[in-house]
Amino acid sequence: MAMLEVKNIGISFGGLKAVDDFCVTIEKGQLYGLIGPNGAGKTTVFNLLTGVYKPDQGAVFLDGKNITGRSTIEINKEGIARTFQNIRLFKELSVLDNVKAGLHNHHRYSAIEGILRLPRYHKEEKAMNEKAMELLKVFDLDGEYDYKASNLPYGKQRKLEIARALATEPKLLLLDEPAAGMNPNETAELMETIRFVRDEFDMTILLIEHDMKLVSGICEQLTVLNFGQVLTQGPTSEVLNDKRVITAYLGE
7 MAMLEVKNIG ISFGGLKAVD DFCVTIEKGQ LYGLIGPNGA GKTTVFNLLT GVYKPDQGAV
67 FLDGKNITGR STIEINKEGI ARTFQNIRLF KELSVLDNVK AGLHNHHRYS AIEGILRLPR
127 YHKEEKAMNE KAMELLKVFD LDGEYDYKAS NLPYGKQRKL EIARALATEP KLLLLDEPAA
187 GMNPNETAEL METIRFVRDE FDMTILLIEH DMKLVSGICE QLTVLNFGQV LTQGPTSEVL
247 NDKRVITAYL GE
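Every number in our numbering is 6 more than the matching position in the sequence shown, counting from 1.
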(Lines of atoms letter the chains of each structure in order from A; the text may use other names.)
(Lines give C-alpha, C1' and ligand atoms only; values in the text may rest on other atoms or scores of the structure.)
Protein backbone atom coordinates (compact mmCIF):
# COMPACT_ATOMS: atom_id res chain seq x y z
CA MET A 7 0.00 0.00 0.00
CA ALA A 8 1.32 3.44 -0.95
CA MET A 9 2.11 5.91 1.84
CA LEU A 10 0.54 8.75 -0.16
CA GLU A 11 -1.89 8.48 -3.03
CA VAL A 12 -3.24 11.66 -4.55
CA LYS A 13 -6.00 11.26 -7.11
CA ASN A 14 -6.88 14.11 -9.46
CA ILE A 15 -6.95 16.92 -6.91
CA GLY A 16 -7.48 20.47 -8.07
CA ILE A 17 -8.35 23.92 -6.83
CA SER A 18 -9.32 27.24 -8.40
CA PHE A 19 -8.92 30.79 -7.13
CA GLY A 20 -11.18 33.39 -8.69
CA GLY A 21 -12.00 31.07 -11.57
CA LEU A 22 -8.31 30.38 -12.32
CA LYS A 23 -7.12 26.78 -11.98
CA ALA A 24 -4.09 26.88 -9.66
CA VAL A 25 -3.77 23.08 -9.59
CA ASP A 26 -5.59 20.84 -12.03
CA ASP A 27 -5.98 17.05 -11.95
CA PHE A 28 -2.83 16.47 -9.86
CA CYS A 29 -1.94 12.82 -9.23
CA VAL A 30 1.00 11.22 -7.46
CA THR A 31 1.75 7.94 -5.68
CA ILE A 32 4.57 7.80 -3.14
CA GLU A 33 5.66 4.52 -1.60
CA LYS A 34 6.66 4.10 2.04
CA GLY A 35 10.28 5.15 2.61
CA GLN A 36 10.65 7.01 -0.69
CA LEU A 37 12.46 10.31 -1.04
CA TYR A 38 10.29 12.03 -3.63
CA GLY A 39 10.72 15.44 -5.26
CA LEU A 40 8.15 17.93 -6.58
CA ILE A 41 9.74 20.48 -8.89
CA GLY A 42 8.69 23.12 -11.38
CA PRO A 43 9.14 26.79 -12.29
CA ASN A 44 8.03 29.58 -9.98
CA GLY A 45 4.24 29.81 -9.89
CA ALA A 46 3.78 26.23 -11.09
CA GLY A 47 1.56 25.36 -8.12
CA LYS A 48 3.99 23.37 -5.93
CA THR A 49 3.27 25.08 -2.61
CA THR A 50 -0.44 25.02 -3.43
CA VAL A 51 -0.17 21.23 -3.66
CA PHE A 52 1.46 21.17 -0.21
CA ASN A 53 -1.34 23.37 1.12
CA LEU A 54 -3.91 20.96 -0.31
CA LEU A 55 -2.16 17.97 1.26
CA THR A 56 -1.97 19.61 4.69
CA GLY A 57 -5.47 21.06 4.93
CA VAL A 58 -4.57 24.72 4.44
CA TYR A 59 -6.77 24.57 1.33
CA LYS A 60 -9.59 22.14 0.66
CA PRO A 61 -9.55 20.71 -2.88
CA ASP A 62 -12.41 21.44 -5.29
CA GLN A 63 -11.98 17.96 -6.71
CA GLY A 64 -10.12 14.72 -6.18
CA ALA A 65 -9.01 12.76 -3.12
CA VAL A 66 -5.96 12.32 -0.88
CA PHE A 67 -5.14 9.03 0.84
CA LEU A 68 -2.51 8.66 3.56
CA ASP A 69 -1.49 5.08 4.25
CA GLY A 70 -4.79 3.96 2.74
CA LYS A 71 -6.98 6.39 4.72
CA ASN A 72 -8.97 9.13 2.99
CA ILE A 73 -7.96 12.47 4.54
CA THR A 74 -9.50 14.73 1.89
CA GLY A 75 -10.90 17.97 3.28
CA ARG A 76 -9.72 17.36 6.84
CA SER A 77 -8.41 20.25 8.94
CA THR A 78 -4.70 21.01 9.30
CA ILE A 79 -4.65 19.73 12.89
CA GLU A 80 -6.50 16.53 11.97
CA ILE A 81 -4.15 15.85 9.05
CA ASN A 82 -1.13 16.39 11.27
CA LYS A 83 -2.53 13.92 13.80
CA GLU A 84 -3.11 11.43 10.98
CA GLY A 85 0.59 11.65 10.15
CA ILE A 86 1.60 14.49 7.80
CA ALA A 87 4.04 17.15 9.02
CA ARG A 88 5.67 19.93 7.04
CA THR A 89 8.21 22.70 7.00
CA PHE A 90 7.91 25.98 5.10
CA GLN A 91 9.95 27.89 2.54
CA ASN A 92 10.00 30.85 4.92
CA ILE A 93 11.00 29.31 8.24
CA ARG A 94 8.16 29.38 10.76
CA LEU A 95 9.60 28.90 14.22
CA PHE A 96 8.37 30.30 17.52
CA LYS A 97 11.31 32.66 17.49
CA GLU A 98 10.89 34.03 21.01
CA LEU A 99 10.73 30.53 22.49
CA SER A 100 13.75 28.41 23.27
CA VAL A 101 15.06 25.74 20.94
CA LEU A 102 13.79 23.11 23.39
CA ASP A 103 10.32 24.64 23.64
CA ASN A 104 10.00 24.74 19.85
CA VAL A 105 10.43 20.96 19.71
CA LYS A 106 8.13 20.49 22.69
CA ALA A 107 5.44 22.40 20.77
CA GLY A 108 5.41 19.49 18.33
CA LEU A 109 5.35 16.92 21.11
CA HIS A 110 2.33 18.55 22.76
CA ASN A 111 0.29 17.27 19.84
CA HIS A 112 0.40 13.87 21.58
CA HIS A 113 0.13 14.74 25.27
CA ARG A 114 -2.39 12.77 27.31
CA TYR A 115 -3.01 14.95 30.34
CA SER A 116 -6.21 16.98 30.57
CA ALA A 117 -6.52 20.75 30.63
CA ILE A 118 -7.37 20.60 34.33
CA GLU A 119 -4.30 18.45 35.06
CA GLY A 120 -2.19 21.00 33.20
CA ILE A 121 -3.66 24.03 34.93
CA LEU A 122 -3.37 22.49 38.40
CA ARG A 123 0.03 20.95 37.66
CA LEU A 124 -1.11 17.53 38.85
CA PRO A 125 1.32 14.54 38.95
CA ARG A 126 0.36 13.28 35.47
CA TYR A 127 1.22 16.69 34.03
CA HIS A 128 4.70 16.66 35.62
CA LYS A 129 5.33 13.08 34.51
CA GLU A 130 4.43 13.80 30.88
CA GLU A 131 6.32 17.11 30.82
CA LYS A 132 9.44 15.31 32.03
CA ALA A 133 9.03 12.67 29.31
CA MET A 134 8.56 15.40 26.68
CA ASN A 135 11.68 17.21 27.85
CA GLU A 136 13.68 14.00 27.49
CA LYS A 137 12.28 13.20 24.04
CA ALA A 138 12.82 16.77 22.84
CA MET A 139 16.46 16.62 23.97
CA GLU A 140 16.89 13.31 22.13
CA LEU A 141 15.62 14.92 18.92
CA LEU A 142 17.86 17.94 19.41
CA LYS A 143 20.84 15.65 19.87
CA VAL A 144 20.05 13.97 16.53
CA PHE A 145 20.39 17.38 14.85
CA ASP A 146 23.37 18.47 16.97
CA LEU A 147 21.27 21.19 18.61
CA ASP A 148 21.26 19.86 22.17
CA GLY A 149 24.06 22.25 23.18
CA GLU A 150 21.82 25.19 22.25
CA TYR A 151 18.59 23.91 23.81
CA ASP A 152 18.17 27.07 25.89
CA TYR A 153 18.92 29.55 23.08
CA LYS A 154 16.12 31.62 21.61
CA ALA A 155 15.24 30.08 18.26
CA SER A 156 15.83 33.48 16.61
CA ASN A 157 19.46 33.43 17.82
CA LEU A 158 20.37 30.28 15.90
CA PRO A 159 22.25 30.57 12.58
CA TYR A 160 20.04 30.18 9.53
CA GLY A 161 21.10 26.60 8.74
CA LYS A 162 20.39 25.50 12.31
CA GLN A 163 16.97 27.15 12.22
CA ARG A 164 16.20 24.91 9.24
CA LYS A 165 17.29 21.87 11.25
CA LEU A 166 15.19 22.97 14.21
CA GLU A 167 12.11 23.29 12.01
CA ILE A 168 12.64 19.72 10.77
CA ALA A 169 13.17 18.49 14.36
CA ARG A 170 9.92 20.15 15.44
CA ALA A 171 8.05 18.54 12.53
CA LEU A 172 9.45 15.12 13.48
CA ALA A 173 8.29 15.65 17.06
CA THR A 174 4.70 15.20 15.82
CA GLU A 175 5.66 11.62 14.85
CA PRO A 176 4.61 11.84 11.19
CA LYS A 177 4.42 9.09 8.60
CA LEU A 178 5.07 11.60 5.81
CA LEU A 179 7.31 14.67 6.00
CA LEU A 180 6.80 17.52 3.52
CA LEU A 181 9.77 19.87 3.04
CA ASP A 182 9.06 23.13 1.20
CA GLU A 183 12.26 24.54 -0.33
CA PRO A 184 14.49 23.38 2.55
CA ALA A 185 17.65 24.67 0.84
CA ALA A 186 16.28 28.18 0.23
CA GLY A 187 18.79 30.79 1.39
CA MET A 188 21.55 28.27 2.08
CA ASN A 189 25.14 28.44 0.88
CA PRO A 190 26.68 25.39 -0.88
CA ASN A 191 28.20 24.00 2.34
CA GLU A 192 24.89 24.30 4.18
CA THR A 193 23.08 22.66 1.25
CA ALA A 194 25.50 19.72 1.27
CA GLU A 195 24.94 19.30 5.01
CA LEU A 196 21.19 19.52 4.49
CA MET A 197 21.34 16.70 1.93
CA GLU A 198 23.00 14.47 4.52
CA THR A 199 20.42 15.51 7.12
CA ILE A 200 17.50 14.59 4.83
CA ARG A 201 19.03 11.21 4.02
CA PHE A 202 19.64 10.61 7.72
CA VAL A 203 16.04 11.49 8.61
CA ARG A 204 14.70 9.11 5.97
CA ASP A 205 16.91 6.24 7.14
CA GLU A 206 16.96 6.85 10.91
CA PHE A 207 13.24 7.58 11.28
CA ASP A 208 12.04 5.25 8.50
CA MET A 209 10.45 8.36 7.03
CA THR A 210 8.70 8.98 3.73
CA ILE A 211 9.69 12.42 2.42
CA LEU A 212 8.24 14.68 -0.26
CA LEU A 213 10.15 17.86 -0.97
CA ILE A 214 9.76 20.93 -3.13
CA GLU A 215 13.11 22.22 -4.29
CA HIS A 216 14.73 24.48 -6.89
CA ASP A 217 18.30 23.36 -6.19
CA MET A 218 18.78 20.76 -8.94
CA LYS A 219 22.01 19.47 -7.37
CA LEU A 220 20.10 18.62 -4.21
CA VAL A 221 17.20 17.12 -6.17
CA SER A 222 19.42 14.93 -8.33
CA GLY A 223 21.49 13.94 -5.29
CA ILE A 224 18.73 12.64 -3.04
CA CYS A 225 15.39 12.21 -4.84
CA GLU A 226 14.55 8.80 -6.27
CA GLN A 227 11.43 9.92 -8.14
CA LEU A 228 10.21 13.29 -9.37
CA THR A 229 7.00 14.94 -10.44
CA VAL A 230 7.27 18.13 -12.48
CA LEU A 231 4.50 20.71 -12.30
CA ASN A 232 3.98 23.47 -14.85
CA PHE A 233 1.01 25.85 -14.88
CA GLY A 234 -0.68 23.74 -12.20
CA GLN A 235 -0.57 20.50 -14.18
CA VAL A 236 1.73 17.48 -14.12
CA LEU A 237 4.23 17.84 -16.94
CA THR A 238 5.97 14.52 -16.33
CA GLN A 239 6.91 12.15 -13.52
CA GLY A 240 9.21 9.19 -13.05
CA PRO A 241 12.77 8.25 -12.01
CA THR A 242 14.90 11.33 -11.32
CA SER A 243 17.52 10.75 -14.02
CA GLU A 244 14.86 10.31 -16.72
CA VAL A 245 12.83 13.33 -15.64
CA LEU A 246 15.81 15.69 -15.50
CA ASN A 247 16.80 14.68 -19.05
CA ASP A 248 13.30 15.26 -20.41
CA LYS A 249 13.37 18.12 -22.95
CA ARG A 250 10.00 19.37 -21.72
CA VAL A 251 11.46 19.85 -18.23
CA ILE A 252 14.49 21.69 -19.58
CA THR A 253 12.22 23.95 -21.64
CA ALA A 254 9.99 24.69 -18.64
CA TYR A 255 12.95 25.79 -16.57
CA LEU A 256 14.60 27.81 -19.34
CA GLY A 257 11.30 29.61 -19.80
CA GLU A 258 11.08 30.50 -16.10
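Don't be surprised by glycine CBs; every beta carbon is placed ideally from N, CA and C.
Taking all protein chains in view, the Cβ of T78 is surrounded by fewer than 16 other Cβ atoms within 10 Å, so the residue is classified as exposed. Rounded to whole angstroms, F19 and L179 show a C-alpha spacing of 26 Å. With contacts defined as CB atoms closer than 7 Å, G16 and V30 fail to qualify as a contacting pair. In the DSSP secondary-structure assignment, N72 is bridged to F67.
DSSP, reduced to helix, strand and coil, places E215 outside both helices and strands of the structure shown, so it counts as coil. Judged by DSSP secondary structure, P190 falls within the alpha helix (DSSP H) whose first and last residues are 190 to 206.
Counting along the chain, L246 sits inside the alpha helix (DSSP H) bounded by residues 242 to 246. Two segments are said to touch when three or more pairs of C-beta atoms, one from each, lie closer than 8 Å; by this definition the segment 240 to 250 touches the segment 221 to 231.
Per DSSP, reduced to three states, the secondary structure at I86 is strand. Looking at the backbone, the Cα of I252 and that of N135 are separated by about 48 Å. With a cut-off of 8 Å on Cβ pairs, the segment 135 to 151 is in contact with the segment 103 to 110, counting three or more such pairs. Measuring C-alpha to C-alpha distances from E131 to each of E150, H216, L109, G223 identifies L109 as the nearest. Relative to the Cα of E195, the nearest Cα in the group V236, I41, I224, I93 belongs to I224. G70 is not a Cβ neighbour of M9, given a cutoff of 7 Å. For G16, the enclosing beta strand (DSSP E) has its first and last residue at 10 to 19. Taking C-beta atoms as the reference points, G47 and G234 count as a pair closer than 7 Å. As for any beta strand (DSSP E) of minimum length 3 sitting wholly inside the segment 16 to 65, the runs are 22 to 32, 37 to 41, ordered along the chain.
Here N135 carries a helix assignment [DSSP, helix/strand/coil].
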